[in-house]
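Remarks on the structure that follows.
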Ligand SMILES: Cc1cc2nc3c(=O)[nH]c(=O)nc-3n(C[C@H](O)[C@H](O)[C@H](O)COP(=O)(O)O)c2cc1C
């Protein structure tokens with residue numbers, strides 16, 4: 092059933108909570124928010140509409156907007172993300188070895204540009220501890236599990252490191268992601284090259300060849316390098332690709348805070364959309380594309396799907412938009428589809444070409 096239309100306009104979050112939260116260190120605010128989220132203390136009036144439903148790689152999604160990796164790194168709030176209207180959630184990045192990440196401060200807001208820079212460096216409790224938590228969690232929406240390389244593991248040993256994590260965690264989760272695109276682990280992005288990427292994927296397939304598997308790519312790859320990833324996706328029979336991670340570029344910033352790390356939010360939108368568009372044109376049409384990078388509204392999600400995404404994710408847009416952002420974006424997406432006479436997400440997908 093379609094729920095009644097809400098007015099998700101200027102909220103308490105816009106007028107009071109975000110300005111207040113933005114007075115404090117971003118990571119401290121994140122930790123406080125996770126504390127509340129993991130106890131189910133933050134909720135939103137969920138928007139449901141059959142026009143947003145679809146089944147992709149055999150999994151049913153009530154809407155196409157998911158929480159991107161990096162927010163719930165340790166899988167602590169997995170029982171609650173549906174209460175905020177998300178259609179799916181991706182936990183992680185999880186590494187085999189627990190690790191503290193980079194020295195603080197390591198997360199910076201760019202409010203004038205609706206962006207964030209982070210160099211967290213895969214801070215997480217490690218695959219063993221998180222596997223135990225995930226086994227007990229009861230996510231009511233599809234769950235993705237994002238895996239990365241431990242910092243102490245040398246690059247040539249990456250396949251073993253990913254495999255060790257996957258062995259511990261492969262039983263829970265509707266899909267898995269090989270993250271080789273974070274800018275904050277030295278050398279990680281070289282694993283996007285054909286040979287090392289194929290080695291990692293075949294190591295994971297030794298453990299389990301059934302689970303849907305994605306690779307998450309950087310927005311900074313040359314088009315030829317993207318074509319190599321597409322070849323790998325076909326060769327390794329990946330379920331799909333996630334485009335994109337944060338960028339090391341600093342294009343289009345009104346103010347560059349001169350901080351190392353990955354840039355996300357509105358400033359990455361253009362690049363992320365270009366990568367998504369290139370992948371759509373280069374890939375077999377049954378390869379699933381998850382579009383992420385700079386979604387700040389339902390209209391931005393509409394554009395990603397038009398460019399070829401089956402599903403979308405966001406992180407930074409949610410920080411700026413607050414708890415009612417996802418239902419508001421879903422409502423906007425559904426109304427844009429109706430405005431344009433589009434009856435399903437399948438019909439919308441790739442309609443930009
Ligand atoms: C603070 C922060 C931490 C992130 N951590 C991860 C991570 O651990 N793994 C990952 O694959 N992506 C991570 N990302 C990237 C996001 O999942 C997403 O790909 C990127 O931010 C672009 O989307 P956005 O513009 O909606 O934020 C992180 C992003 C931010 C802002």
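Numbering (the working numbering), first residue to last: 92 to 444. Virtual Cβ for every residue (Gly too), placed ideally from N, Cα, C.
Secondary structure note for residue 334: it is in no alpha helix (DSSP H), and the uninterrupted beta strand (DSSP E) holding it is 331-334. Within a 10 Å sphere around the beta-carbon of residue 221 sit 16 or more other beta-carbons, which makes this residue buried. If you keep only unbroken beta strand (DSSP E) runs of at least 3 residues inside the region 193-270, you get 198-201, 206-209, 234-238, 266-270. Judged by the Cβ position, residue 306 fails to qualify as a neighbour of ligand 1 at the 6 Å threshold, every heavy atom of the ligand being at least this far. For residue 407, no beta strand (DSSP E) encloses it; the enclosing alpha helix (DSSP H) starts and ends at 407-412.
Ligand 1 never approaches residue 364 closely enough for any of its heavy atoms to be under 6 Å from the residue's Cβ. Counting along the chain, residue 151 sits inside the beta strand (DSSP E) bounded by residues 150-152. Non-local C-beta neighbours of residue 265 in its own chain, meaning closer than 8 Å and more than five positions away in sequence, comprise 150, 179, 233, 234, 235, 303, ordered along the chain. Just so you know, the alpha carbons of residue 336 and residue 353 end up roughly 8 Å apart. The C-alpha of residue 412 lies about 20 Å from the C-alpha of residue 164.
Beta-bridge partners of residue 120 (DSSP): none assigned. As the crow flies, the alpha-carbon of residue 433 is around 44 Å from that of residue 241. The nearest non-hydrogen atom of ligand 1 is less than 6 Å from the C-beta of residue 160.
Linking residue 213 to residue 397 through their CA atoms gives a straight-line distance of about 32 Å. In its chain, beyond the 5 residues on either side, 343, 344, 345, 346, 356, 357, 358 have a beta carbon closer than 8 Å to the beta carbon of residue 204. Checking the 6 Å criterion, the Cβ of residue 217 is out of range of every heavy atom belonging to ligand 1.
In the three-state reduction of the DSSP assignment, residue 180 falls in the strand class, which pools E and B. Excluding residues up to 5 positions away in sequence, 158, 162, 416, 417 lie with their Cβ nearer than 8 Å to the Cβ of residue 409 in the same chain. Assigned with DSSP and collapsed to three states, residue 298 falls in helix. Annotation for residue 145: the continuous beta strand (DSSP E) segment containing it runs 145-147. Considering only 370, 275, 125, the residue with the shortest C-alpha distance to residue 211 is 275. Ranked by Cα distance from residue 128, the options 226, 269, 170, 439 are led by 170. Excluding the 5 residues flanking it on each side, residue 237 has same chain C-beta neighbours closer than 6 Å at 160, 181, 183, 184, 268, 270, in chain order. Sorting 314, 428, 250 by C-alpha distance to the C-alpha of residue 297 places 250 at the top. With contacts defined by Cβ atoms closer than 7 Å, residue 310 and residue 363 form a contacting pair. Taking all protein chains in view, the Cβ of residue 126 is surrounded by fewer than 16 other Cβ atoms within 10 Å, so the residue is classified as exposed.
Nearest C-alpha to residue 384 among 113, 247, 111, 333: 333. Distance from the CA atom of residue 115 to the CA atom of residue 300, rounded to whole angstroms, is 45 Å.
For the pair residue 425 and residue 239, the Cα-to-Cα distance works out to about 34 Å. Bounds of the alpha helix (DSSP H) holding residue 361 are 360-373.
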